[in-house]
Amino acid sequence: MDYERFAKILKVMSDKSRLEIIDMLSCGELCACDILEHFDFSQPTLSHHMKQLKECGLISSYKDGTKVMYVLNDVLCKEMMSFQSDLFNASERCICHSSK
1 MDYERFAKIL KVMSDKSRLE IIDMLSCGEL CACDILEHFD FSQPTLSHHM
51 KQLKECGLIS SYKDGTKVMY VLNDVLCKEM MSFQSDLFNA SERCICHSSK
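Each residue of the sequence shown is one higher than the last, beginning at 1 in full-length UniProt numbering.
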């Protein structure tokens with residue numbers, strides 16, 4: 001398991017607003033303006049959160065005319081779910097089976 005990689009992702013996810021953004025994007029892609037409506041903070045603050053989520057690979061973005069659209073990285077989300085499942089359950093990939 002790549003503990004360092006997942007630790008960085010979990011650190012980004014440890015922010016309440018970022019968790020809410022991830023939850024919103026789990027329903028489908030959204031433009032920045034739709035995400036911003038949900039929060040009581042400024043556009044620069046949203047941009048900061050989105051930058052953090054993009055840098056760790058949890059989301060991607062693309063331009064649609066004048067709008068910036070955001071999408072969850074489904075592959076990484078599935079990897080995170082698998083990592084968390086392995087972390088909390090004794091499996092063949094468990095560190096206790098390989099650290100001796």
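Backbone N, C-alpha and C fix where the C-beta goes; we use that ideal spot for every residue, glycine too.
Check: Measure the Cβ-Cβ separation of Cys27 and Lys67 and say whether it is below 7 Å.; Outcome: no
Check: Looking only at C-alpha atoms, which of Lys16, Ile22, Met1, Pro44 sits nearest to Leu57?; Outcome: Reading off the sequence, residue 57 comes out as Gly, not Leu. The candidate whose alpha carbon is nearest that of Gly57 is Ile22.
Check: For Cys31, does the three-state DSSP call read helix, strand or coil?; Outcome: strand
Check: Does the separation of the CB atoms of Leu25 and Leu36 fall below 7 Å?; Outcome: no
Check: For Glu29, which residues of its own chain have a beta-carbon under 7 Å away from its beta-carbon, when the five flanking residues on both sides are left out?; Outcome: Met69, Tyr70, Val71
Check: Looking at C-alpha atoms only, which residue of Phe6, Met13, Arg5 is the closest neighbour of Leu53?; Outcome: Met13
Check: Do you know how far the Cα of Phe83 is from the Cα of Phe39?; Outcome: 30 Å
Check: State yes or no: is the C-beta of His49 within less than 7 Å of the C-beta of Arg18?; Outcome: yes
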